[in-house]
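S.K.: Before anything else, here's the structure in question.
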Amino acid sequence: MAVELQWWNGDVDPQELVAYLERSIVLHADKIEDVIATLDHYKLILNPYIRHKTLADLATKELSELSLVEPQFPSDERRSAEDLEKFKNAYARYMAAVDKQASLTLLAVTESAFMAEAYLNMLLAVLMRPEIRASKSIQQETLFRKWRNKVERLPLDCLHILPPDMGDSCLRDVKTMFDLRNKVAHSYPDKEKMKVGEMWFEQSFPVLEAGQPFRKFAITLHNQLPSDVEAHFCIEAAKKFAKFLTNLVDPKIRDSIEFLIESNPIGFNETKGIYGVPFGKTVIIFSGYGSKI
1 MAVELQWWNG DVDPQELVAY LERSIVLHAD KIEDVIATLD HYKLILNPYI RHKTLADLAT
61 KELSELSLVE PQFPSDERRS AEDLEKFKNA YARYMAAVDK QASLTLLAVT ESAFMAEAYL
121 NMLLAVLMRP EIRASKSIQQ ETLFRKWRNK VERLPLDCLH ILPPDMGDSC LRDVKTMFDL
181 RNKVAHSYPD KEKMKVGEMW FEQSFPVLEA GQPFRKFAIT LHNQLPSDVE AHFCIEAAKK
241 FAKFLTNLVD PKIRDSIEFL IESNPIGFNE TKGIYGVPFG KTVIIFSGYG SKI
């Protein structure tokens with residue numbers, strides 16, 4: 001057993017403090033043993049919702065701070081070798097920013113979708129009915145349903161859940177988000193869904209339908225789906241979905257559930273079969289039969 005000692009605003013001899021502590025341990029040995037026997041043993045679990053929410057927020061924050069202004073090619077009258085060199089360097093920086101935007105939008109969309117699904121799975125984990133939790137096969141079937149079926153069946157699969165309004169506009173937006181995530185996540189090069197433009201070629205030489213700088217096509221190919229607007233849409237859809245799910249929880253325990261889902265890490269007591277927040281100011285514990293604070 002190890003004990004960490006901290007003290008403030010006092011001049012204390014460390015040896016005297018250790019001696020005092022050792023005498024106290026010997027004096028109260030029986031009580032200490034009794035307390036140790038009652039300690040809760042928790043498995044600390046990384047909260048997937050918080051992990052994905054953090055990444056989605058980071059991506060959208062950096063997107064908001066990213067400025068994309070295409071440099072202008074110097075005019076014929078004032079063009080010099082120095083001007084061309086500056087333009088080349090500015091354009092290289094611009095294309096790097098375009099690549100960064102494409103990466104951030106992809107991260108924002110995928111993490112928003114993971115965030116929404118993680119929130120839904122957290123509700124299932126914490127409030128799942130005991131009879132479902134008792135059967136590994138039924139529990140797995142419940143967890144691997146598609147997201148909309150999970151929402152629709154929440155009152156059947158969980159305790160303390162009110163019937164959801166499946167016509168809520170929030171669910172429409174979430175479907176758009178998941179559809180977009182699936183579109184960019186699947187690598188099959190669908191000739192329609194993944195199309196970014198059209199062009200004719202004579203052997204390896206492009207034949208443009210209208211005269212314009214070829215660099216415009218390079219930007220299109222770099223800045224693939226999703227767009228900046230779609231990325232911000234997805235993070236808002238995910239957050240509204242989380243609020244929608246929270247509002248389905250019985251108001252009597254809603255604040256406690258929200259506190260648990262927003263905590264990281266969370267804990268699981270293997271012996272008692274309950275989730276909790278070991279590091280919370282107030283330890284909140286949920287079992288299959290109710291909750292207590």
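The letter at position 114 of the sequence shown is residue 114 when you use the working numbering, and the numbering goes up by one with no holes.
For every residue, glycine included, the Cβ atom is placed at its ideal position computed from N, Cα and C.
If you're wondering where the values come from, they're calculated on a predicted model, not measured in any experiment.
Taking DSSP as the reference, what is the three-state secondary structure of M128?
M.R.: Counting from one through the sequence shown, the residue named residue 128 turns up at place 128. It is a strand residue.
S.K.: Tell me which residues share the same chain as Q101 and place their Cβ nearer than 8 angstroms to its Cβ, disregarding the 5 neighbours each side in the sequence.
M.R.: By one-based count along the sequence shown, residue 101 stands at place 101. Taken in chain order, the residues that qualify are L63, L66, L68, N223, D228.
S.K.: Could you pull out every unbroken alpha helix (DSSP H) segment of at least 4 residues lying fully inside the segment 34-93, listed in chain order?
M.R.: 48-65
S.K.: Do the segment 162-173 and the segment 232-249 make contact, defined as three or more Cβ pairs closer than 8 angstroms?
M.R.: yes
S.K.: Go ahead and pull the three-state DSSP assignment for E141.
M.R.: Position 141 of the sequence shown holds residue 141. E141 falls in the helix class under three-state DSSP.
S.K.: What number of angstroms, rounded off, separates the C-alpha of Q15 from the C-alpha of S24?
M.R.: As a position in the sequence shown, residue 15 is number 15, starting the count at 1. As a position in the sequence shown, residue 24 is number 24, starting the count at 1. About 14 angstroms.
S.K.: Between which residues of its own chain and E270 is the CB-CB distance below 8 angstroms, once the five residues before and five after are set aside?
M.R.: Sequence index remark: in the sequence shown, residue 270 carries index 270 (1-based). Taken in chain order, the residues that qualify are H41, K43.
S.K.: Along the chain, where does the alpha helix (DSSP H) that runs through W147 open and close?
M.R.: Position 147 of the sequence shown, counting from 1, holds the residue named residue 147. Note, W147: alpha helix (DSSP H), 147-157.
S.K.: Rounded to a whole number of angstroms, what is the C-alpha to C-alpha distance between F268 and R129?
M.R.: For the purposes of this step, residue 268 is identified with residue 268 of the sequence shown, where counting begins at 1. For the purposes of this step, residue 129 is identified with residue 129 of the sequence shown, where counting begins at 1. Between F268 and R129, the C-alpha separation is close to 16 angstroms.
S.K.: Measuring CA to CA, which of S169, T60, D13, F144 is closest to E117?
M.R.: Numbered from 1 along the sequence shown, position 117 holds the residue referred to as residue 117. Among S169, T60, D13, F144, the Cα nearest to that of E117 is on F144.
S.K.: With DSSP as the reference, label F178 as helix, strand or coil.
M.R.: Numbered from 1 along the sequence shown, position 178 holds the residue referred to as residue 178. Look at F178 here: in three-state DSSP terms it is helix.
S.K.: Give me the residue from S137, D179, M122, A97 with the minimum Cα distance to V151.
M.R.: As a working note, residue 151 is residue 151 in the sequence shown. Nearest C-alpha to V151: M122.
S.K.: State yes or no: is the C-beta of V184 within less than 8 angstroms of the C-beta of L106?
M.R.: As a working note, residue 184 is residue 184 in the sequence shown. As a working note, residue 106 is residue 106 in the sequence shown. With respect to L106, V184 sits close: the two C-beta atoms are nearer than 8 angstroms.
S.K.: Indicate whether at least one CB of chain B lies closer than 8 angstroms to the CB of G10.
M.R.: In the structure shown, chain B does not exist; there is a single protein chain.
S.K.: Are the CB atoms of I235 and A56 within a distance shorter than 8 angstroms?
M.R.: Numbered from its first residue, the sequence shown carries residue 56 at position 56. Numbered from its first residue, the sequence shown carries residue 235 at position 235. Between A56 and I235, the CB-CB gap stays under 8 angstroms.
S.K.: Assuming F201 is part of the alpha helix (DSSP H), what are its boundary residues?
M.R.: Taking the first residue of the sequence shown as 1, we reach residue 201 at position 201. Looking at the DSSP string, F201 is not in any alpha helix (DSSP H); the run it does join, the beta strand (DSSP E), is 200-202.
S.K.: For F244 versus D168, is the C-beta distance shorter than 8 angstroms?
M.R.: Numbered from its first residue, the sequence shown carries residue 244 at position 244. Numbered from its first residue, the sequence shown carries residue 168 at position 168. Yes, Cβ-Cβ distance for F244 and D168 is below 8 angstroms.
S.K.: Could you name each continuous alpha helix (DSSP H) segment of 4 residues or more that falls completely within the segment 220-278, going from the start of the chain to the end?
M.R.: 228-246, 254-261
S.K.: Measuring only the C-alpha atoms, how far is W8 from L21?
M.R.: Numbered from its first residue, the sequence shown carries residue 8 at position 8. Numbered from its first residue, the sequence shown carries residue 21 at position 21. Taking the straight line from one Cα to the other gives about 17 angstroms.
S.K.: According to the Cβ coordinates, are V277 and L180 closer than 8 angstroms?
M.R.: In the sequence shown, residue 277 corresponds to position 277, counting from 1. In the sequence shown, residue 180 corresponds to position 180, counting from 1. Against a cut-off of 8 angstroms, the Cβ pair of L180 and V277 comes out as no contact.
S.K.: With a threshold of 7 angstroms on Cβ separation, who are the neighbours of E70 within its own chain once the five nearest residues in sequence on each side are excluded?
M.R.: Along the sequence shown, one-based indexing puts residue 70 at 70. Correct list, in chain order: Y94.
S.K.: Which class does V12 belong to by DSSP, given the choice of helix, strand or coil?
M.R.: On the sequence shown, position 12 is the one that residue 12 refers to. If DSSP states are grouped into helix, strand and coil, V12 belongs with coil.
S.K.: Assign S291 to one of two classes, buried (16 or more other C-beta atoms within 10 Å of its C-beta) or exposed (fewer than that).
M.R.: Indexing the sequence shown from 1 puts residue 291 at position 291. Confidence at S291 is low in this model, with a pLDDT of 39, below 50, so the placement of that residue is unreliable and no value is reported for it.
S.K.: Assign E111 to buried or exposed, taking buried as 16 or more other Cβ atoms, counted over all protein chains shown, within 10 Å of its Cβ.
M.R.: Indexing the sequence shown from 1 puts residue 111 at position 111. Buried.
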